[in-house]
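Numbering (the UniProt record's numbering), first residue to last: 1 to 359.
Below, the structure is given as structure tokens:
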């Protein structure tokens, strides 16, 4: 899946000492002056702004900040000594990158109520404009309502189980009725056979396929673009389909806003004509003896024999009823001589499903 960059956005971090929300570019807390600890992650502000153009290119060129190995202060990646204590940053630790901060959105955000005095403040404000208290990102949760008293589901579960058992029982009973067979002894009254032969000719036929799969001898009749497949990479003829934008931590106080995209690729699907073997004629023969034969056509230079099929029917008489058994087994058909007795397995619908000679 391709990752598409839309730009950058400034993140923020919350001071663990005084709960002040600080812009991502600030490396020490604006409220108490404490440096951002290495384990304090960047977060998305309530109001998010997309940075594009030349400013975004500058942000993209920045490398992750470094935390001093002695005092923990966050420093720019190109700094050689700590801005706080002057220590050599070669012993420092680079901030981790690549973590998804959350979904990106520029939708309007409601005002935030001050937890100290209750005054409403713009979502981007970090301090209450009335009392100066630091503003949290989310208002304190309302007291949870008492959960409704759970009703017993035992009765419902029992009823469902009874219905399921009843349905299974009915299905088994129906299956048993239709699959049940009974034996009757029948006498061969007659037998017939029918053979079928297809004559194929080399003639124009119409087919359809993707243009890249067309035979070299194909004569193209018409083409249209159709959806062919989905690709993770951009393609010449494709529709880009992207997911919800989200922000990825860059370790600099900024996050890259990206989308995961796929590409629905379209290709030409064509109708074409080509010379090929296809059905030109169907010949049949039938008889009531025990020696079936297939038609013997006179073939032209552009014709050939295609599929061949033989069907044999044996008609029995048993207890005043007539039963017909159809088979493709020539040996069985030839054994069923007139007047011979056979055991027939007959199902509940009167169809003969098996036969065997009476011993």
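For every residue, glycine included, the Cβ atom is placed at its ideal position computed from N, Cα and C.
Could you check whether residue j and residue i sit closer than 8 Å to each other, using their CB atoms as the reference points?
| i | j | result |
| --- | --- | --- |
| residue 3 | residue 258 | yes |
| residue 294 | residue 312 | no |
| residue 74 | residue 65 | yes |
| residue 124 | residue 46 | yes |
| residue 360 | residue 128 | The chain is shown only over 1 to 359; residue 360 falls outside these bounds and no answer can be derived. |
| residue 310 | residue 266 | no |
| residue 327 | residue 315 | no |
| residue 211 | residue 256 | no |
| residue 180 | residue 348 | yes |
| residue 72 | residue 35 | yes |
| residue 104 | residue 246 | yes |
| residue 248 | residue 101 | yes |
| residue 33 | residue 253 | no |
| residue 20 | residue 6 | no |
| residue 13 | residue 43 | yes |
| residue 344 | residue 318 | yes |
| residue 260 | residue 1 | yes |
| residue 106 | residue 48 | yes |
| residue 244 | residue 264 | no |
| residue 200 | residue 273 | no |
| residue 371 | residue 133 | Only positions 1 to 359 of the chain appear in the structure, and residue 371 is not among them; the question remains open. |
Going by the DSSP bridge assignment, what does residue i pair with across the sheet?
| i | result |
| --- | --- |
| residue 367 | Here the chain covers residues 1 to 359 and nothing more, so residue 367 does not appear. |
| residue 154 | According to DSSP, residue 154 bridges with nothing at all. |
| residue 288 | Answer is none; residue 288 lacks a bridge partner. |
| residue 131 | DSSP, once it has assigned bridges, lists no residue as partnering residue 131. |
| residue 271 | 208, 222 |
| residue 344 | 184, 355 |
| residue 261 | 2, 242 |
| residue 279 | 200 |
| residue 339 | BP columns for residue 339 are empty, so no partner. |
| residue 10 | 254 |
| residue 43 | 12 |
| residue 23 | 12 |
| residue 28 | 35 |
Among the options, which has the Cα closest to the Cα of residue i?
| i | options | result |
| --- | --- | --- |
| residue 346 | 80, 184, 62 | 184 |
| residue 202 | 358, 116, 280 | 280 |
| residue 99 | 28, 11, 209, 59 | 11 |
| residue 18 | 51, 135, 157, 54 | 135 |
| residue 63 | 309, 209, 250, 284 | 250 |
| residue 206 | 114, 276, 39, 119 | 276 |
| residue 329 | 6, 354, 22 | 354 |
| residue 356 | 286, 7, 335, 204 | 335 |
| residue 306 | 288, 38, 198 | 198 |
| residue 288 | 16, 193, 234 | 193 |
| residue 67 | 38, 55, 48 | 38 |
| residue 374 | 272, 273, 290, 297 | Any answer about residue 374 is impossible in this case: the structure gives the chain only from 1 up to 359. |
| residue 61 | 8, 233, 240 | 8 |
| residue 236 | 225, 292, 319 | 225 |
| residue 321 | 52, 350, 331 | 350 |
| residue 126 | 22, 81, 160, 27 | 22 |
| residue 214 | 119, 164, 271, 83 | 271 |
| residue 331 | 27, 358, 359, 291 | 291 |
Looking at chain C, is there any beta carbon in it that lies within less than 8 Å of the beta carbon of residue i?
| i | result |
| --- | --- |
| residue 339 | Of the chains in the structure shown, none is chain C; there is only one protein chain. |
Within 8 Å, do at least three Cβ pairs link the region 83-93 to the region 110-123? no
Could you pull out every unbroken alpha helix (DSSP H) segment of at least 4 residues lying fully inside the region 49-123, listed in chain order? 53-61
Would the region 301-310 count as touching the region 212-232 if we require 3 or more Cβ pairs under 8 Å? no
What are the uninterrupted segments assigned as beta strand (DSSP E) that are 3 or more residues long and contained completely in the region 183-250, given in chain order? 219-231, 238-242, 246-249
Decide if the region 334-343 is in contact with the region 186-194; the criterion is three or more beta carbon pairs, one per stretch, under 8 Å apart. yes
Which residue spans inside the region 299-333 form an unbroken alpha helix (DSSP H) run of at least 4? none
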